[in-house]
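Quick notes on the structure that follows.
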Amino acid sequence: MAADIGIRATLNLPYEQAVQKTTDALKAEGFGVLTQIDVKATLKQKINVDFRRYVILGACNPALAHRALLANLNVGRCYLAM
Numbered sequence: 010m011a012a013d014i015g016i017r018a019t020l021n022l023p024y025e026q027a028v029q030k031t032t033d034a035l036k037a038e039g040f041g042v043l044t045q046i047d048v049k050a051t052l053k054q055k056i057n058v059d060f061r062r063y064v065i066l067g068a069c070n071p072a073l074a075h076r077a078l079l080a081n082l083n084v085g086r087c088y089l090a091m
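If you use the numbering used here, the sequence shown corresponds to residues 10 to 91, in order.
Structure below.
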């Protein structure tokens, strides 16, 4: 069974409007969207596979990020293990 990860919400809107509404909601809470990755386009370009519409929003709240980094610098690190 797959793990249920991430935050999930269902919006009764067309895809593009749902992405915009999510971006607006993040902004209202003090988060800026630093990156927006179009997974469908990226997978098509990089490995020539078709995938459904899927977006990854890289959001950041600078004040919260600063507090977290002051508390523990490792919060911003990514570890790879083999």
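By construction, the Cβ of each residue, glycine as well, lies at the ideal position given by its N, Cα and C atoms.
Predicted model, so just to flag it, every value in this text is computed and none were measured.
Can you tell me where the alpha helix (DSSP H) with I56 in it begins and where it stops? Within the sequence shown, the letter at position 47 stands for residue 56. Where I56 is concerned, the enclosing alpha helix (DSSP H) stretches over 48-56.
Does the Cβ-Cβ distance between T107 and G15 come in under 8 Å? Since the first residue shown for the chain is 10 and the last is 91, residue 107 is missing from the structure and cannot be characterised.
The ligand COA and K30: does the residue's C-beta get closer than 7 Å to at least one heavy atom of that ligand? Ligands in the displayed structure: none, and consequently the ligand COA is not present.
So, are the CB atoms of T32 and V42 less than 8 Å apart? Indexing the sequence shown from 1 puts residue 32 at position 23. Indexing the sequence shown from 1 puts residue 42 at position 33. Yes.
Enumerate, from N- to C-terminal direction, the unbroken alpha helix (DSSP H) stretches of 4 or more residues contained entirely within the stretch 21-48. Unbroken alpha helix (DSSP H) stretches of 4 residues or longer found wholly inside the stretch 21-48: 24-37, given in chain order.
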